[in-house]
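K.L.:
Numbering (the UniProt record's numbering), first residue to last: 1 to 167.
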């Protein structure tokens, strides 16, 4: 047994976990700052929903969030309450809705209203948000040429992520 390898591996895993926790903390501080700037409250329920979404590798449905909240609060949270919470989080650019899955995920750039592209892995469910100004410009130009006003824009692409692709 190579204890040196285990120690190095453990240290690397601890560092990765610490980095992820640091990133999550920075992300949450950004959300808190935006709430302060906008004079809106980040209630305990909103924090819990954000925490559940941030801790999940894949987007969650409202009912998965209801189940998660029931475990956290040791009581059932009514679906309309969760949907209102999600509406607030989406409207403020903290969470994105994956329309094709009727699921939600934290937004990589909180406060930024997204007109980007979602890459959705059909195997593991991981969703990556990417911005592409060329795609945005093309869609805007095409809509304008058709006298069409875009009110909501999100492109969702389904496929296989790099981690799930066979090597």
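Think of the CB as a built atom: it goes at the ideal place given N, C-alpha and C, for glycine as much as any other residue.
From this set, 92, 61, 90 and 108, which residue's C-alpha is nearest residue 79's C-alpha?
P.N.:
It is 61.
K.L.:
One question on the structure: do residue 69 and residue 45 come within less than 9 Å of each other, judged by their Cβ atoms?
P.N.:
Yes.
K.L.:
When we look at the beta-carbon of residue 120 and count the other beta-carbons within 10 Å, is it buried (16 or more) or exposed?
P.N.:
Classification for residue 120: buried.
K.L.:
Are the beta-carbon atoms of residue 164 and residue 58 separated by less than 9 Å?
P.N.:
The answer is no: Cβ separation not under 9 Å.
K.L.:
Measure the alpha-carbon distance for residue 50 versus residue 95 and round it to whole angstroms.
P.N.:
If you take the alpha carbons of residue 50 and residue 95, they lie about 8 Å apart.
K.L.:
Mind checking whether residue 117 and residue 130 have CB atoms under 9 Å apart?
P.N.:
Yes, Cβ-Cβ distance for residue 117 and residue 130 is below 9 Å.
K.L.:
Tell me whether the stretch 140–154 and the stretch 102–109 touch, counting them as touching only if at least three CB pairs, one residue from each stretch, are closer than 8 Å.
P.N.:
With the cut-off at 8 Å, the stretch 140–154 and the stretch 102–109 do not touch.
K.L.:
Specify the secondary structure class of residue 7 as computed by DSSP and reduced to three states.
P.N.:
Confidence in residue 7 is poor, its pLDDT being 42 and thus under 50, which makes the residue's placement too unreliable to answer from.
K.L.:
Grouping DSSP H, G and I as helix and E and B as strand, with all else coil, what is residue 78?
P.N.:
Correct three-state label for residue 78: coil.
K.L.:
Using only alpha-carbon positions, find the residue among 111, 73 and 122 that is nearest to residue 40.
P.N.:
The option with the nearest alpha carbon to residue 40 is 111.
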